[in-house]
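Going left to right, the sequence shown walks through residues 1456 to 1657 as my numbering numbers them.
The C-beta atom is built at its ideal place from N, Cα and C for all residues, glycine as well.
Computed from a predicted model, the values in this text were never measured in an experiment.
Written out below as structure tokens is the structure these notes cover.
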Amino acid sequence: MKIAVGGMIASGKTTLVKNLSQSLNFDQLDEFKQGDEVFNTLLEWLYKGYEDVEMLLQVYFLHKHYKTQLEKANDVIVDRHIIEHWLFAQENLKEKPQVLNFYNGLFHQYMNQVIQPDIYLILDMDFDTFESRIMQRGRPQEIDNYEQNKDYFKALLKSYKEKLIAQCTIYDIPYVIIDVNNQTEKETLHKALSHIDALKTD
């Protein structure tokens, strides 16, 4: 079984991936390796508003995630689906339609080569929960540049769930939405396991 966990920044997906991996004794495929210097640098440049970094960032995200998903296809929990890199690109490249068109073509080529999950767990939250969680986890590149990126975060969250659902429909990916507002890690894990158990018994 292949399970993907997705959701907005700070929704708790990485924590859920770890907890599911331990509960199910499945391998865990992280979105990026710890200490990925290129990832951290590009993300910091984006949040600082550096010019012309968006396409480089999005292609790097897309290719790295694609390579990660080639590592294992069975009994694995994947941190973030490749669709979500497409979603970020729609926001980050929206002022550059020609570049975005090129990126979308590249994305669909990658999507056609990825083994899709048996279930995609999408974590959903409101902006108050997002803001509270992003401050709690305290990543410098997010906190230090938060105010200048607040509208960007709001725009992402506003359409996050709907865009993921639309892509799941296009690619026929089974998904469930898990509301994480006012939920503990244990409660979110329980909900996720319930959906996975239901899939096993179908």
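Judged by DSSP secondary structure, Leu1501 falls within the alpha helix (DSSP H) whose first and last residues are Glu1492 to Tyr1502. In terms of Cα proximity to Thr1584, the closest of Asn1480, Ile1464 and Lys1457 is Ile1464. CA-CA distance, Tyr1515 to Pro1629, rounds to 27 Å. In terms of Cβ geometry, Leu1611 and Glu1546 form a close pair [threshold 8 Å]. Judged by DSSP secondary structure, Ile1651 falls outside any beta strand (DSSP E) and instead within the alpha helix (DSSP H) spanning Glu1640 to Thr1656. With a contact defined as Cβ atoms closer than 8 Å, Leu1501 and Leu1512 qualify at about 6 Å.
Nearest neighbour of Asp1491 by Cα position, chosen from Lys1519, Met1566, Asn1637 and Glu1509, turns out to be Lys1519. Around the beta carbon of Pro1552, a 10 Å sphere encloses fewer than 16 other beta carbons of the protein chains shown; the residue is thus reported as exposed. Within the same chain, Cβ atoms closer than 6 Å to the Cβ of Val1533 are found at Ala1459 and Leu1484, the five residues on either side in sequence being excluded. The Cβ atoms of Ile1537 and Tyr1565 sit closer than 8 Å to each other. Of the residues assessed, Ser1466 falls on the buried side of the cut-off, its CB having 16 or more other CB atoms within 10 angstroms. Shown here, Lys1519 sits in a helix according to DSSP, grouped into three states.
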